[in-house]
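Colleague: Let me give you the structure first, and then I'll get to my questions.
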Amino acid sequence: MAGSVLTSTATCTAYRAVCGGKPDAPGVQAPVAGRVLAVRVGWLAGLVRGMADAVIAAHWSDADLAVLAGGGRL
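One point on numbering: in the UniProt record's numbering, the residue at position 13 of the sequence shown is 13, and numbering is uninterrupted.
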């Protein structure tokens, strides 16, 4: 797999978001603007990607991933 990049994708749709509160009103639900929601989703997606990369790197070798990518079984 030298020189190749492993990429996985998933779709996500967010119709609306509600925050659990503000510093001046904790626990009171408040709508979240689209731009804020996009930033939060991006942050969370990056966090999950980093965690998944760590798990894959700890448990799978490049040779294992090449076998699976080629349709083989381990």
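All C-beta atoms in this analysis are idealised placements derived from N, C-alpha and C, irrespective of residue type, glycine included.
Given the structure is predicted, the values throughout are model-derived calculations rather than measurements.
Below 6 Å CB to CB, which residues in the same chain sit around P23 once its five sequence neighbours on both sides are set aside?
Modeller: Cβ within range, chain order: n/a, list empty.
Colleague: Less than 8 Å between C-beta atoms, sequence neighbours within five positions excluded: which residues of the same chain meet that for C19?
Modeller: Q29, A30, P31 and V32, listed in sequence order.
Colleague: Pick helix, strand or coil for A45, following the three-state DSSP scheme.
Modeller: Three-state result, A45: helix.
Colleague: Measure the CB-CB distance between I56 and L47 and report whether it falls below 9 Å.
Modeller: No, they are not a contact pair.
Colleague: In the DSSP assignment, the beta strand (DSSP E) including A69 goes from what residue to what residue?
Modeller: Not the beta strand (DSSP E): A69 falls in the alpha helix (DSSP H), residues D62 to A69.
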